[in-house]
Amino acid sequence: MRRPVGAQGNAATCQQGRRTAVHAVTCLKERPETPSGKVAGDENFPVASRLVARPLRRHVHLFYVFARAADDIADNPELEADDKIARLNLFAEALVDPGAVSGAPSSALALARSLSETGVPTRHPLDLLDAFRQDARKLRYETWDDLLDYCNRSAAPVGRYLIDLHGEPASAYEASDSLCNALQVLNHLQDCKADRARLDRVYLPLAWFREAGIGVEALDGARSTASMRRVLDRCLAATEVLLERAAPLPYRIRGLRFSMECAVIVTIARKLRSELDRRDPLAARVVLSRTQYAGSFLRLIPYLLGRGLTSRH
2 MRRPVGAQGN AATCQQGRRT AVHAVTCLKE RPETPSGKVA GDENFPVASR
52 LVARPLRRHV HLFYVFARAA DDIADNPELE ADDKIARLNL FAEALVDPGA
102 VSGAPSSALA LARSLSETGV PTRHPLDLLD AFRQDARKLR YETWDDLLDY
152 CNRSAAPVGR YLIDLHGEPA SAYEASDSLC NALQVLNHLQ DCKADRARLD
202 RVYLPLAWFR EAGIGVEALD GARSTASMRR VLDRCLAATE VLLERAAPLP
252 YRIRGLRFSM ECAVIVTIAR KLRSELDRRD PLAARVVLSR TQYAGSFLRL
302 IPYLLGRGLT SRH
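Using my numbering, the first residue of the sequence shown is number 2, and each one after it goes up by one.
Here's what the structure looks like:
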């Protein structure tokens, strides 16, 4: 599978789109952001929880606000693809050359200052923008590898950003990528019906629909047919492989607080996968209850015991 593109490639893409971005600033009468109303509490994972060291929480929050603002543009059903890309190019321009374009998104400028302060590389948010630009035009994914290629830019950079922000080694990237990609696929399964209805976007592999003898129209049903369930189960089985690869992540993080955060997120991902295995996302959106979510934090007790035993050997 293709790895996330580097900062130089993204910077070149950004510069190529600069004329379009400048034109967008001239033509847009409103700010480039198109807020959906989603906030950190709507996510499947904790954002800048108290497990994150206090000095770093502000930076995590700024990264989240940036990513949410850009994602909202990519998912806005009222914008044309070219308009989405022009707006997203403004975000990239603000990261690469802050202040070069008047009217640059405030969330991008704030993140640019944060990156300068922390020394975290720009490539992580630029990779996200690359995925969001793809969202503007690409509505179908042929294979599982195609979907993972997208996840490597739409999800994995989040974990890599956090690893770099915490000063953790790049050797943790591999397990982090698997966890972030698993969470992304689980989110696609949660939203498979809504994505099809609002944006005619289908992330689940088309090849798996064909092998089940159905088309993407199966997502329009009030409930999953047996064939549609086979597609969902196949996605969940592939996601289980990702979660197995992600399991070592908390033990590869040196900082205790951040390792605890990772352990909680691994538990949340496993609980959500189990719920999607048990329930039908076409009948109703599958989410964890508050009790299940809180229970993920309680699972820290056996994790801490295990970490302590591991550190002694």
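No residue lacks a Cβ here, since even glycine has one placed at the ideal position from N, Cα and C.
Query	Result
Assumed close pair A284, R235 - CB separation to whole angstroms, cut-off 8 Å	The pair is not a contact, with the Cβ atoms about 19 Å apart (cut-off 8 Å).
Anticipated Cβ contact below 8 Å, V203 with L277, distance rounded	That pair is no contact at about 17 Å.
Uninterrupted alpha helix (DSSP H) stretches inside the segment 171-246 (no shorter than 4 residues)	174-191, 193-200, 207-212
Cut-off 7 Å between Cβ atoms - residues of its own chain near A113, not counting five sequence neighbours on either side	A95, L96, P99
Three-state class that DSSP yields for R255 in the structure shown	coil
Close Cβ partners of L244 (< 7 Å) along its chain, the five nearest in sequence each way excluded	A183, A270, R271, R274
R280, DSSP secondary structure in three states	coil
Beta-carbon proximity check, P251 vs A264, cutoff 7 Å	yes
Helix, strand or coil at R274 [DSSP, three-state]	helix
Sequence-distant residues of its chain with Cβ nearer than 7 Å to D281 (five each side left out)	R224, S225
E134 in three-state terms, based on DSSP	Checking the displayed sequence, the identity of residue 134 turns out to be Arg instead of Glu. Reduced to three states, the DSSP call for R134 is helix.
Coarse secondary structure for G10, derived from DSSP in three states	Here the model assigns G10 a pLDDT of 48, short of 50, so the residue's position is not dependable and the matter cannot be decided.
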